[in-house]
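The structure appears below as structure tokens.
Protein chains: 2
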Amino acid sequence: MFCGVDIGGTNAKVGLVDEAGHLVDHDTVKTGLYKSPADLVLTLAYTILRLAKVNRAKIEGIGVCCPNACAIDGTVANAANLNFKERFSLTELFGTYFPDTPVAVDNDANAATLGEQCYGKAKDLQDFLFVTLGTGVGGGVVCNGKLVYGLNAMAGEIGHIIVEPEGRACGCGRKGCIERYVAAPGAVDTYLEICRENQIEPRADNYRALADLACAGNPQALQTYRNMGRYLGRFLANLACVTAPTHIFLFGGVTKVGDILLEPTRRAFYENLLFCYQDRIKIELSGLMDSKADAAILGAAALAKARK
Amino acid sequence: MFCGVDIGGTNAKVGLVDEAGHLVDHDTVKTGLYKSPADLVLTLAYTILRLAKVNRAKIEGIGVCCPNACAIDGTVANAANLNFKERFSLTELFGTYFPDTPVAVDNDANAATLGEQCYGKAKDLQDFLFVTLGTGVGGGVVCNGKLVYGLNAMAGEIGHIIVEPEGRACGCGRKGCIERYVAAPGAVDTYLEICRENQIEPRADNYRALADLACAGNPQALQTYRNMGRYLGRFLANLACVTAPTHIFLFGGVTKVGDILLEPTRRAFYENLLFCYQDRIKIELSGLMDSKADAAILGAAALAKARK
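Here the protein sequences line up with chains A and B, keeping their order. The first sequence begins at 982 in the working numbering and counts up one residue at a time. The second sequence begins at 982 in the working numbering and counts up one residue at a time.
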């Protein structure tokens, strides 16, 4: 059995995952309660040991995913939404409690990509792209059956591909990155722009409210998703030219609206796709989203499985 | 020793390449003289046998590169500048004359990419991009040390990434592909535009003349290359986000002007590159261009070596 640990700003989730990808047991730790990485990892280690004991599980490997984590040395620095800004090594901290168990560390986009490959819709695929749409846009690129890491394990930073050279300011210090148009905060910006242009009082100021409005059929909210789909579809059509994936999987909170985003994305994708790829590349929602198990835990467990 | 065969619209080149990447001997066949693929391959096979005999060489493998060739089944269809428009199989045609020698077929961009890896500057690199700038733009993507083929071996079609959604019409039927701005015909278009805007009589109507003008210091020609460099640098900065290459190699006729193109390309690249890649990704001219051997033959020979 593999153990998956997903460290987020609010919660850290710990789960045991069996060979078939079933979440056997899990627990949650409030990340915000801990003043140092060592304190947090102590509690996580205790949680892992307790879950293993209760479930009589032998843990073959531990996978830990965390924003900004580096797959090469297992360190985390400047994690956007953690209390701890200093650099710390998850590999070392977990290693003190589990000296004989392999510990694999990676960022959440890579973990989810491996999750799709181990437990989701990409089990038999050699070439696919995995795109996470949340507060930012992340990506996992799989070529020849292997996740691409590249220079310092920094491949897949597709959220920072510039699509509007004079566009919206991005947190990276540049302008017009795709994530400013298709991630959650960008979606809200687009919605507010559309309301302003149409002189309509906005009815949502955060992503969740916007998604609810769209699901209820609000015209400005639906127009927002059509705009996002146009950006996303064109962007993915361009990306397809690089590695020629057979499938593109969309994942993350933003995609929970389903067809409201998927339909305009697919339309723009096929309208803009190079002729030689036409009708050959599929865009689908991630298989991890259907699963009852927590996708982040599955992704983290897949890290451990992939490194084994 | 490996044999490389490069089939182009005007000439087909045949060469013997030793382990170290030296061109031992070579010969040229006029492609235009032949009425069928079988006739052309008969002459190429005869040329290979003659070179092998004269040089007392044992040929371990034959690599054949040809525009539009498919690496999977070794067929060529609709090759833009060959007389033969029907689909034919290079693997089968060469196989009849060399039943016991492995024959590897691929398109020219992939062949040149493998050439860089076998014989050029990319010998020890795991992750790099190879960009060919000629009458079009092609690419080879190497991740985890391996050339990426993707869906139907159609990866690396980076020339058809759209950078200007309402831009210049492209032969692919869409608008604004990068190759319309940085390949040879696009360069001439840009030069003519600049002359028109400045009400200056153009002094070049083809790429070679334009390159000569730039080398002689003509202001409009130099402005053309600055414009190309800006497009190319921005484009490569975006591409870097996908697979995080350590190096990007530029290859092909368009790059023969050297620093005139390289300098503005590098400037725009680093100006637009995401912070985490800064100072870590190098843009260089291909090592195959320095070599006295013909780059295309080296690339074709590398195909054979890589498949061995």
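For every residue, glycine included, the Cβ atom is placed at its ideal position computed from N, Cα and C. As the structure is a computational prediction, the values presented were derived from the model and not from experiment.
Hey, residue i and residue j: beta-carbon distance below 8 Å or not?
i: I1143 (chain A); j: V1118 (chain A); result: no
i: C1051 (chain B); j: L1255 (chain A); result: no
i: P1208 (chain A); j: T1171 (chain A); result: The displayed chain sequence assigns Asn, not Pro, to residue 1208 (chain A). Yes, the Cβ-Cβ distance between N1208 (chain A) and T1171 (chain A) is below 8 Å.
i: R1177 (chain B); j: R1161 (chain B); result: no
i: L1231 (chain B); j: L1114 (chain B); result: yes
i: C1285 (chain A); j: D1089 (chain A); result: Position check: residue 1285 (chain A) holds Ala in this sequence, whereas Cys was assumed. Cβ atoms of A1285 (chain A) and D1089 (chain A): not closer than 8 Å.
i: R1025 (chain A); j: V986 (chain A); result: For the record, residue 1025 (chain A) in the displayed sequence is Leu; it is not Arg. For L1025 (chain A) and V986 (chain A), yes; Cβs fall inside 8 Å.
i: C1124 (chain B); j: C1124 (chain A); result: yes
i: A1249 (chain A); j: Q1098 (chain A); result: no
i: L1128 (chain B); j: N1091 (chain B); result: yes
i: T1227 (chain B); j: I1262 (chain B); result: yes
i: V1010 (chain B); j: N992 (chain B); result: yes
i: I988 (chain A); j: T1012 (chain A); result: yes
i: C1151 (chain B); j: D1087 (chain B); result: no
i: L1279 (chain B); j: G990 (chain B); result: no
i: R1288 (chain B); j: A1085 (chain B); result: yes
i: L1269 (chain A); j: A1093 (chain A); result: yes
i: Y1212 (chain B); j: V1238 (chain B); result: no
i: P1245 (chain B); j: G1198 (chain B); result: no
i: V1022 (chain B); j: F1075 (chain B); result: yes
i: E1145 (chain B); j: G1157 (chain B); result: yes
i: L1071 (chain B); j: G1096 (chain B); result: no
i: H1007 (chain B); j: D1271 (chain B); result: no
i: V1169 (chain B); j: D1186 (chain B); result: yes
What residue range is occupied by the uninterrupted alpha helix (DSSP H) comprising residue i?
i: H1280 (chain A); result: Checking the displayed sequence, the identity of residue 1280 (chain A) turns out to be Gly instead of His. Its alpha helix (DSSP H) spans residues A1276 to R1288.
i: C1046 (chain A); result: Not the alpha helix (DSSP H): C1046 (chain A) falls in the beta strand (DSSP E), residues G1042 to C1046.
i: A1249 (chain B); result: D1240 to N1253
i: T1236 (chain A); result: Run containing T1236 (chain A): none; DSSP gives neither H nor E here.
i: C1124 (chain B); result: Note, C1124 (chain B): premise wrong, no alpha helix (DSSP H); beta strand (DSSP E) at V1118 to C1124.
i: T1072 (chain B); result: L1071 to Y1078
i: V1342 (chain A); result: No answer is possible for residue 1342 (chain A): it lies beyond the span of chain A, which begins at 982 and ends at 1289.
i: T1224 (chain B); result: P1200 to T1224
i: T1012 (chain A); result: It is not in any alpha helix (DSSP H) - T1012 (chain A) carries neither H nor E in the DSSP assignment.
i: I1029 (chain B); result: P1018 to V1035
i: D1193 (chain A); result: Y1188 to C1196
Does residue i pass the burial test, meaning 16 or more other C-beta atoms within 10 Å, or should it be called exposed?
i: Y1027 (chain B); result: exposed
i: L1014 (chain B); result: exposed
i: S1017 (chain A); result: exposed
i: R1189 (chain A); result: exposed
i: D1081 (chain B); result: exposed
i: Q1201 (chain B); result: buried
i: N1253 (chain A); result: buried
i: D1260 (chain A); result: exposed
i: G1120 (chain A); result: buried
i: I1241 (chain A); result: buried
i: R1037 (chain A); result: exposed
i: D1108 (chain B); result: buried
i: N1179 (chain B); result: exposed
So residue i contacts chain A; which residues on that side make the cut at Cβ distance below 7 Å?
i: K1127 (chain B); result: N1125
i: V1057 (chain B); result: Ordered by position in chain A, no residue passes the 7 Å Cβ test against V1057 (chain B), which lies about 14 Å from the chain.
i: H1141 (chain B); result: C1222 and L1255
Can you name the residues of chain B whose CB is closer than 8 Å to the CB of residue i?
i: P1226 (chain A); result: G1131 and L1132
i: V1122 (chain A); result: C1124, V1223 and T1224
Could you tell me the boundaries of the beta strand (DSSP E) in which residue i lies?
i: V998 (chain A); result: N992 to V998
i: C984 (chain B); result: F983 to I988
i: K1102 (chain A); result: Taken as a continuous stretch (DSSP letters only), K1102 (chain A) belongs to no beta strand (DSSP E), as it is neither H nor E.
i: L969 (chain A); result: With chain A covering only 982 through 1289, there is no way to say anything about residue 969 (chain A).
i: F1230 (chain A); result: H1228 to F1232
i: A1185 (chain A); result: No beta strand (DSSP E) holds A1185 (chain A); DSSP gives it neither H nor E.
i: L1266 (chain A); result: K1263 to L1266
i: A1085 (chain B); result: V1084 to D1087
Can you name the residues of chain A whose CB is closer than 8 Å to the CB of residue i?
i: I1264 (chain B); result: Within chain A, no residue comes near I1264 (chain B); the closest Cβ sits about 13 Å away, beyond 8 Å.
i: L1220 (chain B); result: V1223
i: E1147 (chain B); result: Result: empty, since nearest Cβ-Cβ is about 12 Å, beyond 8 Å.
i: R1261 (chain B); result: L1132 and N1133
For residue i, return the contacting residues in chain A, with the cut-off set at a CB-CB distance below 9 Å.
i: R1207 (chain B); result: In chain order: nothing, as chain A lies at least about 16 Å away.
Kindly list, in the order they appear in chain B, the residues whose Cβ is closer than 9 Å to that of residue i.
i: C1153 (chain A); result: L1255, F1256 and C1257
i: E1299 (chain A); result: Any property of residue 1299 (chain A) remains undetermined from this structure, which presents chain A solely from 982 to 1289.
i: D1108 (chain A); result: V1129, Y1130, G1131, L1132 and A1136
Take every Cβ of the segment 997-1012 of chain B, pair it with every Cβ of the segment 1027-1038 of chain B, and state whether three or more of those distances are shorter than 8 Å. yes
The segment 1218-1233 of chain A touching the segment 1130-1138 of chain B, judged by at least three CB pairs closer than 8 Å: yes
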